[in-house]
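Presented below is the structure to which this report refers.
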Ligand code: SF4
Ligand code: SF4
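Numbering (our numbering), first residue to last: 27 to 480.
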């Protein structure tokens with residue numbers, strides 16, 4: 027055919043380049059039950075987390091506009107780049123380790139794409155449109171009322187998911203406030219929510235398994251993360267082949283196709299390990315049911331390693347089984363150590379925005395800005411003191427400075443000093459900021475005065 031590919035390039039494309047819609051048949055079984063339990067626990071957790079508070083803040087709040095993150099009772103600032111980098115590296119190494127040992131267990135059991143698709147969007151679709159055959163029929167007919175109804179429900183669900191997602195960035199209180207107001211009172215928040223809901227809708231309504239088979243970079247990294255001893259979902263070729271109808275061949279595979287029609291990414295696992303396989307084990311459950319009916323042992327398709335499927339011995343202990351946890355322990359250790367050294371407050375002393383100094387009857391006056399960021403879990407009062415001053419006086423309109431947990435405040439203070447204190451137009455002093463509860467920070471500062479211009 028003119029313009030057609032010489033075979034299927036992607037499971038989601040027909041040979042003429044049109045979309046091949048995957049309409050998998052649900053295969054109940056032991057792995058499906060496990061996935062459903064884990065998946066629902068994760069969905070409940072996703073919805074519950076924004077409502078859980080630790081130390082007066084949500085347990086997870088990524089306040090991007092204010093450039094501060096609250097994680098498990100601790101406040102992280104944009105300046106905590108090292109901590110965030112160590113955290114990201116620890117997560118990456120952890121994922122590498124998990125994948126090396128257990129293959130794509132994340133994809134099959136915990137990835138939001140799989141969890142929401144298989145436990146929320148797909149069940150609703152099957153409830154409205156019917157199972158695989160009903161959906162294929164609708165595909166041929168070009169949709170209809172039932173499909174339109176499905177998209178309406180998908181739209182509502184997408185808005186709900188987007189709102190929960192948004193709660194991680196603005197907190198439930200602000201979100202609740204927004205929800206009771208018109209969109210024009212918080213246009214940015216509304217736009218973010220609308221775009222997120224749109225993306226969720228497109229993903230689960232249209233893009234679907236292509237997120238795993240085409241877009242997700244994790245699948246592409248598989249070849250470097252997996253080895254012959256990693257756990258994968260695999261077909262026992264030795265046992266299954268030659269395949270064919272029952273009684274006609276010696277292999278256990280009766281070529282019923284149950285493992286293919288149940289696959290949510292549209293592949294045939296009998297062709298070997300493929301990057302489209304998300305290790306969901308639906309083919310395992312489907313084939314086990316067939317084997318059970320035929321009175322043959324289960325596990326023609328099973329969790330195994332490439333080595334054991336080829337008849338080799340199981341090999342758990344190998345260099346990467348030690349290397350990844352070792353690197354991860356180092357990174358987490360460094361993270362805990364660095365995090366433990368992070369002080370309970372950040373203090374910055376800056377020159378005032380007006381003239382560097384003013385000379386009047388009282389002496390030389392310097393205007394200084396002091397910024398305090400409270401990282402603690404409760405409100406604190408910070409006392410500002412001037413040290414090493416020799417006759418200079420601190421004038422602070424707000425002293426102590428009250429700062430709520432997680433809040434950043436700035437106050438302007440003045441230092442009035444006699445002219446005799448200055449040498450070459452400068453005088454070094456120190457500011458001490460303390461909260462009376464153990465936090466204390468001393469910062470050097472250079473006062474400016476007359477005589478320094480020459
Ligand atoms: S489900 Fe099992 S028996 Fe049926 S085609 Fe797949 S591997 Fe063969
Ligand atoms: S091949 Fe099996 S384990 Fe892999 S995605 Fe398809 S059904 Fe899931």
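Cβ atoms here follow ideal geometry from the backbone N, Cα and C, with glycine treated the same way.
Whole-angstrom C-beta distance between residue j and residue i, which should lie under 8 Å
{"i": "residue 269", "j": "residue 281", "result": "5 Å"}
{"i": "residue 284", "j": "residue 316", "result": "5 Å"}
{"i": "residue 288", "j": "residue 312", "result": "4 Å"}
{"i": "residue 45", "j": "residue 38", "result": "6 Å"}
{"i": "residue 136", "j": "residue 69", "result": "In fact, because the Cβ distance is near 11 Å, the residues do not count as touching under 8 Å."}
{"i": "residue 84", "j": "residue 96", "result": "6 Å"}
{"i": "residue 219", "j": "residue 188", "result": "5 Å"}
{"i": "residue 350", "j": "residue 122", "result": "6 Å"}
{"i": "residue 253", "j": "residue 126", "result": "7 Å"}
{"i": "residue 47", "j": "residue 165", "result": "6 Å"}
CA-to-CA distance, residue j to residue i, given in whole angstroms
{"i": "residue 330", "j": "residue 318", "result": "20 Å"}
{"i": "residue 139", "j": "residue 191", "result": "14 Å"}
{"i": "residue 207", "j": "residue 226", "result": "23 Å"}
{"i": "residue 276", "j": "residue 154", "result": "42 Å"}
{"i": "residue 88", "j": "residue 197", "result": "9 Å"}
{"i": "residue 395", "j": "residue 449", "result": "23 Å"}
{"i": "residue 31", "j": "residue 42", "result": "Unreliable positioning characterises residue 31 in this predicted model, as indicated by a pLDDT of 48, which lies under 50. The coordinate reading is nonetheless provided below. For residue 31 and residue 42, the distance between alpha carbons rounds to 6 Å."}
{"i": "residue 258", "j": "residue 333", "result": "10 Å"}
{"i": "residue 99", "j": "residue 171", "result": "49 Å"}
{"i": "residue 291", "j": "residue 314", "result": "19 Å"}
{"i": "residue 322", "j": "residue 279", "result": "10 Å"}
{"i": "residue 299", "j": "residue 79", "result": "44 Å"}
{"i": "residue 157", "j": "residue 51", "result": "7 Å"}
{"i": "residue 241", "j": "residue 235", "result": "9 Å"}
{"i": "residue 182", "j": "residue 134", "result": "26 Å"}
{"i": "residue 341", "j": "residue 260", "result": "16 Å"}
{"i": "residue 343", "j": "residue 352", "result": "14 Å"}
{"i": "residue 386", "j": "residue 112", "result": "52 Å"}
{"i": "residue 162", "j": "residue 150", "result": "16 Å"}
{"i": "residue 160", "j": "residue 174", "result": "15 Å"}
{"i": "residue 120", "j": "residue 377", "result": "45 Å"}
{"i": "residue 294", "j": "residue 346", "result": "29 Å"}
{"i": "residue 77", "j": "residue 202", "result": "11 Å"}
{"i": "residue 2", "j": "residue 328", "result": "It is not possible to answer for residue 2, since the shown part of the chain is limited to 27 through 480."}
{"i": "residue 412", "j": "residue 389", "result": "16 Å"}
{"i": "residue 94", "j": "residue 106", "result": "9 Å"}
{"i": "residue 475", "j": "residue 441", "result": "11 Å"}
{"i": "residue 239", "j": "residue 462", "result": "57 Å"}
{"i": "residue 28", "j": "residue 104", "result": "Bear in mind that a pLDDT of 42 at residue 28, under 50, signals an unreliable position, so the number given afterwards is only what the model happens to contain. The alpha-carbon atoms of residue 28 and residue 104 are separated by roughly 56 Å."}
{"i": "residue 146", "j": "residue 370", "result": "42 Å"}
{"i": "residue 477", "j": "residue 435", "result": "34 Å"}
{"i": "residue 167", "j": "residue 124", "result": "44 Å"}
Heavy atom of ligand 3 within 7 Å of residue i beta-carbon
{"i": "residue 308", "result": "Summarising the ligand content, the structure contains ligand 1 and ligand 2 and does not contain ligand 3."}
For residue i, the residue or residues it bridges with in DSSP
{"i": "residue 386", "result": "389"}
{"i": "residue 396", "result": "375, 437"}
{"i": "residue 470", "result": "456"}
{"i": "residue 428", "result": "407"}
{"i": "residue 442", "result": "391, 419"}
{"i": "residue 126", "result": "Partner(s): none; residue 126 has no beta bridge."}
{"i": "residue 335", "result": "DSSP lists no partner for residue 335."}
{"i": "residue 328", "result": "260"}
Neighbourhood of residue i by C-beta distance below 7 Å, restricted to the same chain and skipping five residues each side
{"i": "residue 433", "result": "400"}
{"i": "residue 469", "result": "373, 375, 456, 457"}
{"i": "residue 116", "result": "354, 357, 358, 361"}
{"i": "residue 223", "result": "184, 185, 188"}
{"i": "residue 231", "result": "177, 180"}
{"i": "residue 403", "result": "81, 82, 99, 431"}
{"i": "residue 141", "result": "65, 68, 69"}
{"i": "residue 481", "result": "Residue 481 lies beyond the residue range present for the chain, which begins at 27 and ends at 480; the question has no answer from this structure."}
{"i": "residue 335", "result": "260, 262"}
Own chain residues within Cβ distance below 6 Å of residue i, not counting five before or after
{"i": "residue 384", "result": "391"}
{"i": "residue 453", "result": "447, 473"}
{"i": "residue 144", "result": "none"}
{"i": "residue 245", "result": "301"}
{"i": "residue 324", "result": "314, 317"}
{"i": "residue 380", "result": "393"}
{"i": "residue 407", "result": "426, 428"}
{"i": "residue 200", "result": "none"}
{"i": "residue 212", "result": "204"}
{"i": "residue 53", "result": "288, 308, 311, 312"}
Contact set for residue i: own chain, Cβ-Cβ below 8 Å, skip 5 residues either direction
{"i": "residue 109", "result": "102, 361, 364, 365, 368"}
{"i": "residue 410", "result": "396, 420, 422, 425, 426, 427, 437, 439, 457, 458, 459"}
{"i": "residue 229", "result": "139, 237"}
{"i": "residue 471", "result": "375, 394, 454, 455, 456, 457"}
Inset, instruction - Can you check the segment 341 to 383 for any alpha helix (DSSP H) of at least 4 residues that lies completely inside it and give the ranges in chain order? - result: 345 to 367
Inset, instruction - List in chain order: all unbroken alpha helix (DSSP H) runs of 4+ residues lying wholly within the segment 33 to 106. - result: 56 to 74
Legend entry - Runs of alpha helix (DSSP H) lying entirely within the segment 233 to 317, each at least 4 residues, in chain order: 243 to 246, 248 to 251, 263 to 266, 284 to 287
Legend entry - Within the segment 171 to 233, ranges of the alpha helix (DSSP H) (whole runs, at least 4 residues): 171 to 196, 198 to 205, 213 to 228
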